[in-house]
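Under our numbering, the first residue of the sequence shown carries the number 26, and numbering increases by one thereafter. By construction, the Cβ of each residue, glycine as well, lies at the ideal position given by its N, Cα and C atoms. Here the structure comes first, spelled out in structure tokens, and everything after it is commentary.
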Amino acid sequence: MSPLPENTIELFQLPGVSLLCDEPLAKHTTMGVGGAARFFLTIDEPPALEAAIAKLNRCGLPWMILGGGSNTIFGDGGWPGVMVALGKGFRKIERIPGKNRISAGAAAQLSAVMNFAKREGLAGLEWAAGVPGQLGGALAGNAGTPAGEICASLEAADVIDRNGIRKTFRHDEIQHGYRFSSLRDWIIVGATLELTPDSPDEIQKRIDAALAKRMEQPVGQRTSGCMFKNPPGNAAGRLIDQTGLKGLRIGGARVSEQHANFMINDGTATASDIEKLIAQVRETVEARHGIRLELEIKLIKP
Ligand code: EPU
Numbered sequence: 026m027s028p029l030p031e032n033t034i035e036l037f038q039l040p041g042v043s044l045l046c047d048e049p050l051a052k053h054t055t056m057g058v059g060g061a062a063r064f065f066l067t068i069d070e071p072p073a074l075e076a077a078i079a080k081l082n083r084c085g086l087p088w089m090i091l092g093g094g095s096n097t098i099f100g101d102g103g104w105p106g107v108m109v110a111l112g113k114g115f116r117k118i119e120r121i122p123g124k125n126r127i128s129a130g131a132a133a134q135l136s137a138v139m140n141f142a143k144r145e146g147l148a149g150l151e152w153a154a155g156v157p158g159q160l161g162g163a164l165a166g167n168a169g170t171p172a173g174e175i176c177a178s179l180e181a182a183d184v185i186d187r188n189g190i191r192k193t194f195r196h197d198e199i200q201h202g203y204r205f206s207s208l209r210d211w212i213i214v215g216a217t218l219e220l221t222p223d224s225p226d227e228i229q230k231r232i233d234a235a236l237a238k239r240m241e242q243p244v245g246q247r248t249s250g251c252m253f254k255n256p257p258g259n260a261a262g263r264l265i266d267q268t269g270l271k272g273l274r275i276g277g278a279r280v281s282e283q284h285a286n287f288m289i290n291d292g293t294a295t296a297s298d299i300e301k302l303i304a305q306v307r308e309t310v311e312a313r314h315g316i317r318l319e320l321e322i323k324l325i326k327p
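Following this line, the structure appears as structure tokens:
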């Protein structure tokens with residue numbers, strides 16, 4: 026018989042695992058909106074992962090993994106089950122001796138992986154300068170910019186399924202495209218990236234160029250980055266801008282005046298404000314251009 030949720034706290038008393046109750050998800054997403062998770066589990070040690078998954082499957086509550094929270098928005102109702110984050114034991118970044126390869130844990134910040142690669146004289150991740158989020162989330166959605174994308178550097182990915190079975194996929198076993206990767210169906214534990222030798226100075230120049238491009242975007246504010254995918258042959262930001270929607274505000278949420286594919290929480294927005302703004306932008310763009318914008322961010326409303 027599955028234990029009652031009230032027993033969840035005892036159930037997760039495992040070494041390397043910590044549990045919080047009623048944890049606001051707004052704290053764990055860059056947009057900063059959304060309700061609370063009934064339980065918030067942080068797994069700090071890789072060996073604890075399988076045991077924690079076995080218990081998650083027995084606790085009778087829905088569970089999901091959250092990465093850096095830069096592409097995820099939760100509804101105001103929060104999450105009725107267990108939200109799982111990978112902690113410090115999943116942030117290691119290492120050079121594979123004698124190779125142009127780096128292995129990193131899924132919870133490593135993408136920018137930390139890029140900076141480590143630069144110090145090692147390994148190029149290929151400069152596009153990621155200023156891109157928020159963790160490696161695992163980046164791989165699940167094949168994060169990228171027109172200058173590059175993460176799956177292009179992927180040598181192998183270590184994953185685990187919802188039954189706790191581990192597997193390593195080689196790069197040729199992973200399907201990926203624009204903001205899509207077959208890894209999204211797995212829990213990503215870590216990955217090996219194949220990079221190209223170059224001088225740290227040259228790498229830094231490309232990082233600076235990517236950061237300059239990033240300054241055209243509303244950095245340092247509560248956003249989820251680009252909200253919509255670019256439709257084939259077009260740019261969501263341009264379409265929204267041409268529709269005259271910059272600055273459109275609902276409650277505490279507005280379309281950025283700086284880059285129209287960003288929405289900003291002024292600190293008082295609810296998830297419902299963001300959802301209404303998404304709906305209004307989509308409807309207005311569709312009425313004007315006949316193009317239905319597809320969300321790039323994940324909106325989670327169980
Ligand atoms: N544009 C406008 N008005 C705007 C914004 C953009 O007219 O308000 C026009 C630009 O002038 C340009 C075109 O739209 O002609 C494309 O804009 P931009 O170069 O800013 O790039 P993007 O396609 O909007 C993509 C990624 C960004 C990434 C930049 C880096 C997507 C959905 N977005 O944006 O990624 O930072 O390139 O160049 O692929 C993210 O995924 O969260 C993200 C921010």
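Quick check: what's the CA-CA separation for residue i versus residue j?
| i | j | result |
| --- | --- | --- |
| Lys230 | Ala153 | 13 Å |
| Leu74 | Ile303 | 36 Å |
| His284 | Ala79 | 44 Å |
| Ile98 | Lys323 | 6 Å |
| Arg187 | Glu180 | 23 Å |
| Glu219 | Lys254 | 27 Å |
| Ser43 | Ala312 | 48 Å |
| Ile121 | Ser206 | 24 Å |
| Pro256 | Tyr203 | 10 Å |
| Thr295 | Ala110 | 23 Å |
| Glu35 | Leu147 | 45 Å |
| Arg195 | Ile90 | 22 Å |
| Thr248 | Ile228 | 28 Å |
| Ala61 | Asp210 | 24 Å |
| Thr293 | Ala237 | 29 Å |
| Thr170 | Met56 | 20 Å |
| Leu270 | Val306 | 7 Å |
| Gly277 | Asn259 | 29 Å |
| Leu81 | Gly102 | 21 Å |
| Ile325 | Glu48 | 16 Å |
| Leu39 | Leu164 | 28 Å |
| Gly262 | Ala133 | 29 Å |
By the 10 Å Cβ neighbour count, where 16 or more other Cβ atoms means buried, how is residue i classified, buried or exposed?
| i | result |
| --- | --- |
| Met108 | buried |
| Glu241 | exposed |
| Ile190 | exposed |
| Ala142 | buried |
| Asn286 | buried |
| Gln200 | exposed |
| Ser95 | buried |
| Cys251 | buried |
| Gln267 | exposed |
| Ala51 | buried |
| Asn125 | buried |
| Thr193 | exposed |
| Pro72 | exposed |
| Arg317 | exposed |
List the residues that DSSP assigns as beta-bridge partners of residue i.
| i | result |
| --- | --- |
| Gln267 | In the DSSP output, where bridge partners are listed per residue, Gln267 has none listed. |
| Leu44 | Leu66 |
| Ala192 | A small correction: the amino acid at residue 192 is Lys; Ala does not occupy that position in the sequence shown. Answer is Val184. |
| Phe99 | Ile325 |
| Met89 | Met108 |
| Ala61 | Pro49 |
Spatial neighbours of residue i within its chain, please: CB distance less than 6 Å, with the 5 preceding and 5 following residues excluded, ordered by chain position.
| i | result |
| --- | --- |
| Gly161 | Gly92, Ala131 and Ile213 |
| His314 | Leu264 |
| Ile275 | Asp298, Lys301 and Leu302 |
| Cys176 | Asn167, His201 and Ser206 |
| Asp69 | Gly41, Gly112, Lys113 and Gly114 |
| Thr217 | Arg126, Ser128, Glu180 and Ala181 |
| Gly11 | The structure shown does not extend to residue 11, since the chain spans only 26 to 327, so no value can be given for it. |
| Glu174 | Asn167 |
| Met139 | Leu150 and Ala153 |
What does a CB cutoff of less than 8 Å around residue i pick up in its chain, not counting 5 residues either side in sequence?
| i | result |
| --- | --- |
| Met26 | Annotation note: pLDDT 44 at Met26 (below 50); position unreliable, no value reported. |
| Pro105 | Arg63, Leu86, Pro87 and Pro327 |
| Arg279 | Gly272, Leu273, Met288, Ile289, Asp291 and Leu302 |
| Glu319 | Phe253, Lys254 and Pro256 |
| Thr33 | Leu44, Phe64, Cys84, Leu86 and Val107 |
Against chain B, with Cβ distances strictly below 8 Å, would residue i count as a contact?
| i | result |
| --- | --- |
| Glu145 | Any reference to chain B falls outside this structure, which holds one protein chain only. |
Could you pull out every residue in the same chain whose Cβ sits closer than 7 Å to the Cβ of residue i, ignoring the five residues on either side in sequence?
| i | result |
| --- | --- |
| Ala137 | Ile118 |
| Gly59 | Leu50, Ala51, Ile98, Phe99, Gly100, Asp101, Gly103 and Ala296 |
Fill in: In chain order, each alpha helix (DSSP H) run of at least 4 residues that lies wholly inside the region 110-185
Note on the region 110-185: whole alpha helix (DSSP H) runs with a minimum of 4 residues are 135-144 and 160-165, in chain order.
Fill in: 3-residue-minimum beta strand (DSSP E) runs that sit fully inside the region 250-324, ordered along the chain
Segments of the beta strand (DSSP E) lying fully in the region 250-324: 278-280 and 288-290.
Fill in: Any beta strand (DSSP E) of 3 or more consecutive residues that is wholly inside the region 198-239
As far as the region 198-239 is concerned, its whole beta strand (DSSP E) runs of at least 3 residues are 212-219.
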